[in-house]
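Below you'll find the structure, written out as structure tokens, and then a few comments.
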Amino acid sequence: MATRPGATRPIPARRWARRGLPPPARRVSSGWWSPSCGGRRPCEFPTRSLRALVGAPSIPTKPLRGFAGAPGFGSGPRGVTAWRGKAAPGQREATVARGASRAAFRGAARLRLAGGRASRRACRKPREGNRAMNQLAAPVAASQPLSRAEHAAGMAAYQAAGEALAAEINNRGPLRLTADGQLHPDIQAAYWKHGYYIFEGVIDAAEVAALREDAQEMLARAPVGPEAKLDAQGRPALGIDYARLPYRFSKPLGDPWGGTTLLNGRHPAQMSQPVPDAGAPEHVVFLMYAMCQAMPSGLRLYGHPGLLAAAQSINGPDFVPFNDAIFVKQPGLGGSVAWHQDGVTHWNNPAWDEGIHGFNYQVQLYPTTPANGLWVIPGTHKRGKADIKGMVAANGGSEQLPGAVPLVCKAGDVTMVNRQTVHGSFANSSPDMRISLTFGFHRRRSVLGQRAALSIAETNAIYDAQRIFDRSAVIQVAIDARRQARPGEPVFHYQPFAGLEEEFRCTPEVFDRVIRDYNTKDLAI
Numbered sequence: 001m002a003t004r005p006g007a008t009r010p011i012p013a014r015r016w017a018r019r020g021l022p023p024p025a026r027r028v029s030s031g032w033w034s035p036s037c038g039g040r041r042p043c044e045f046p047t048r049s050l051r052a053l054v055g056a057p058s059i060p061t062k063p064l065r066g067f068a069g070a071p072g073f074g075s076g077p078r079g080v081t082a083w084r085g086k087a088a089p090g091q092r093e094a095t096v097a098r099g100a101s102r103a104a105f106r107g108a109a110r111l112r113l114a115g116g117r118a119s120r121r122a123c124r125k126p127r128e129g130n131r132a133m134n135q136l137a138a139p140v141a142a143s144q145p146l147s148r149a150e151h152a153a154g155m156a157a158y159q160a161a162g163e164a165l166a167a168e169i170n171n172r173g174p175l176r177l178t179a180d181g182q183l184h185p186d187i188q189a190a191y192w193k194h195g196y197y198i199f200e201g202v203i204d205a206a207e208v209a210a211l212r213e214d215a216q217e218m219l220a221r222a223p224v225g226p227e228a229k230l231d232a233q234g235r236p237a238l239g240i241d242y243a244r245l246p247y248r249f250s251k252p253l254g255d256p257w258g259g260t261t262l263l264n265g266r267h268p269a270q271m272s273q274p275v276p277d278a279g280a281p282e283h284v285v286f287l288m289y290a291m292c293q294a295m296p297s298g299l300r301l302y303g304h305p306g307l308l309a310a311a312q313s314i315n316g317p318d319f320v321p322f323n324d325a326i327f328v329k330q331p332g333l334g335g336s337v338a339w340h341q342d343g344v345t346h347w348n349n350p351a352w353d354e355g356i357h358g359f360n361y362q363v364q365l366y367p368t369t370p371a372n373g374l375w376v377i378p379g380t381h382k383r384g385k386a387d388i389k390g391m392v393a394a395n396g397g398s399e400q401l402p403g404a405v406p407l408v409c410k411a412g413d414v415t416m417v418n419r420q421t422v423h424g425s426f427a428n429s430s431p432d433m434r435i436s437l438t439f440g441f442h443r444r445r446s447v448l449g450q451r452a453a454l455s456i457a458e459t460n461a462i463y464d465a466q467r468i469f470d471r472s473a474v475i476q477v478a479i480d481a482r483r484q485a486r487p488g489e490p491v492f493h494y495q496p497f498a499g500l501e502e503e504f505r506c507t508p509e510v511f512d513r514v515i516r517d518y519n520t521k522d523l524a525i
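Take the sequence shown: its position 141, counted from the start at 1, is 141 in full-length UniProt numbering, and no numbers get skipped.
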């Protein structure tokens, strides 16, 4: 026999079965809710969902109403207790204060708790539909999509928790190099420990302004839709003569990759897709490609001596490029990027290690916030291939995964994220613009001999030495483009092109030979 939590009289196991519920020993967390008939029935939700709010490190250090340690937590008649009686292993009592604090709890965990004090009177024949109320872990947005404003409000508590944890980790600082041009050992240690680092103030104000101007021009020259050939002013869109179209679109506040097989299926769980405000366009620019061809300032950025020195320190002096992409998150319109790990090639490699899939930089042209910025789960680069779909399921179906931190930046800051770190971003329901210039680098040995993957998988190409050399030549041309534009700045010496510098000066002829359609030779793994 089983005993109802908080009761003294045992309840036969068959009565649990009649209610369609497992006995308490198999239930992870139990409680009581009050249907309109006035009766009581047990309900359940996964312990992981509770722990995400009560025990996870992502809880704000400043107490929020409705969270552990806040006024009203465990306050008896003013709370709704999530489970009662003796705790099973791994359980913790969670009481949510009534009123607005319950809304905060629901927004952070995607749980819908019904009110009323706990009672020991069982409802012998529950009303039709009451069983559905037991599914407390189901996302709130499952049947009725959230509006943009509701999505923003529902993210507030989670964003505050993540920002507090990010401040506690404090994995950021200026880009410091040693006397021999290597990334400072303290920064390397912090990067390998957490799987990310934020370099502060790397790009000066003048360069940020030039990058913004070129990025905005590229955005203005975008076709008006996925199949269009003209931009909003009726001009031929930029890139219609490129070998690969330089724009990718999404629905406003949509998630174009989550839950699909695109990009080797690396985004297994779809994010919330709020309904945009009235008057939103049918499609918005989500990504822009080929920054080294389309943006003169983008080519110069690619040759930044400090960023290349850091890449050399992480991936070795023969490091090679990956690809580049510009993420565009327009205010109230920008889509999400579902939780994922970038790498897809080496998960079963006997030589697998924490750095085998390389890393990505993101150069921020505008301040980033928890609402529009990239989020990472620190340390996940060390654990192999993550079961992201399982992580979301264990979190009650909520995309607000515990332990994640937002990479909050100022304009000119640069993030460095290990491509095995679990990361993603939410729909930009905020009023703030985000444009992030993203480009990555690999170890040469991680790429040589591998088959094309991700956005170029359909080419079925093998990365031989010639392809690697051809794509790496973009780095050398970018170094010279930067040297010409900024003569007083130190010049990075790229080992694979030592002695070949004169052949790869940035001239119109070399631009046509090396830079034009360079992204058809990307090295994605």
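The beta carbon of each residue, even a glycine, is placed where N, CA and C say it ideally should be.
All values derive from a computational prediction rather than experimental measurement.
Anticipated Cβ contact below 8 Å, residue i with residue j, distance rounded
| i | j | result |
| --- | --- | --- |
| A473 | F504 | 6 Å |
| P276 | R148 | 6 Å |
| G239 | L245 | 6 Å |
| N372 | S430 | 5 Å |
| A478 | R221 | Rounded, the Cβ-Cβ distance is 22 Å, inconsistent with contact. |
| H357 | S436 | Going by Cβ atoms, the distance from H357 to S436 rounds to 19 Å, so no, they are not a contact pair. |
| V284 | F327 | So it is not a contact: roughly 12 Å between Cβ atoms. |
| L175 | A310 | 7 Å |
| F359 | M416 | 6 Å |
| H381 | N348 | So it is not a contact: roughly 17 Å between Cβ atoms. |
Pairwise C-alpha distance: residue j and residue i
| i | j | result |
| --- | --- | --- |
| P223 | G316 | 40 Å |
| residue 537 | Q420 | Residue numbering for the chain in the displayed model covers 1 to 525; residue 537 lies beyond these limits and cannot be assessed. |
| L146 | A280 | 15 Å |
| V208 | G412 | 6 Å |
| G303 | I388 | 35 Å |
| E509 | G488 | 25 Å |
| P256 | K329 | 13 Å |
| residue 538 | P350 | Residue coverage of the chain in this structure runs from 1 to 525, which leaves residue 538 outside it and unanswerable. |
| R266 | R443 | 21 Å |
| L307 | A394 | 38 Å |
| Q450 | D464 | 8 Å |
| I515 | C292 | 7 Å |
| H151 | P268 | 21 Å |
| H423 | A167 | 18 Å |
| S398 | V392 | 6 Å |
| I475 | A290 | 13 Å |
| D241 | G258 | 30 Å |
| A179 | I468 | 30 Å |
Assigned secondary structure, residue i (DSSP; H/G/I helix, E/B strand, else coil)
| i | result |
| --- | --- |
| W192 | helix |
| H357 | coil |
| residue 554 | Only positions 1 to 525 of the chain appear in the structure, and residue 554 is not among them; the question remains open. |
| G499 | coil |
| V491 | coil |
| C123 | The pLDDT assigned to C123 is 38, lower than 50, so where the model puts this residue is not dependable, and the model offers no usable value. |
| N519 | helix |
| P460 | Position check: residue 460 holds Asn in this sequence, whereas Pro was assumed. Correct three-state label for N460: coil. |
| L263 | helix |
| L301 | helix |
| A232 | coil |
| R513 | helix |
| T415 | strand |
| C506 | coil |
| S425 | strand |
| R176 | coil |
| T380 | helix |
7 Å CB neighbourhood of residue i in its chain, flanking five on each side removed
| i | result |
| --- | --- |
| G162 | S58, P370, W375, A404, V405, P406 |
| P496 | D318, S472 |
| L454 | L263, N264, V344, A524 |
| R331 | First, the amino acid is wrong: residue 331 is Pro here, not Arg. Only N428, S430, P431, D432, M433 meet the Cβ criterion. |
| P226 | F249, H283 |
| C506 | V477, D480, A481, Q484 |
| D470 | K521 |
Own chain partners of residue i with C-beta closer than 6 Å, once the 5 adjacent residues on each side are dropped
| i | result |
| --- | --- |
| G334 | N428 |
| N171 | A190, H194, Y197 |
| A517 | As written in the sequence, residue 517 is Asp, which differs from the Ala given in the question. So the list reads A243, once near-sequence residues are dropped. |
| I456 | D522, A524 |
Residue(s) in a DSSP beta bridge with residue i
| i | result |
| --- | --- |
| H283 | Per DSSP, none; premise fails for H283. |
| F327 | L287, S436 |
| R248 | L287 |
| F441 | P321, F359 |
| L183 | L177 |
Beta-carbon proximity list for residue i, same chain, < 8 Å, skipping 5 on both sides
| i | result |
| --- | --- |
| K410 | E200, G201, Q364, P367 |
| L211 | I203, M295, S297, G298, L301, V363, L365, L437 |
| F511 | V477 |
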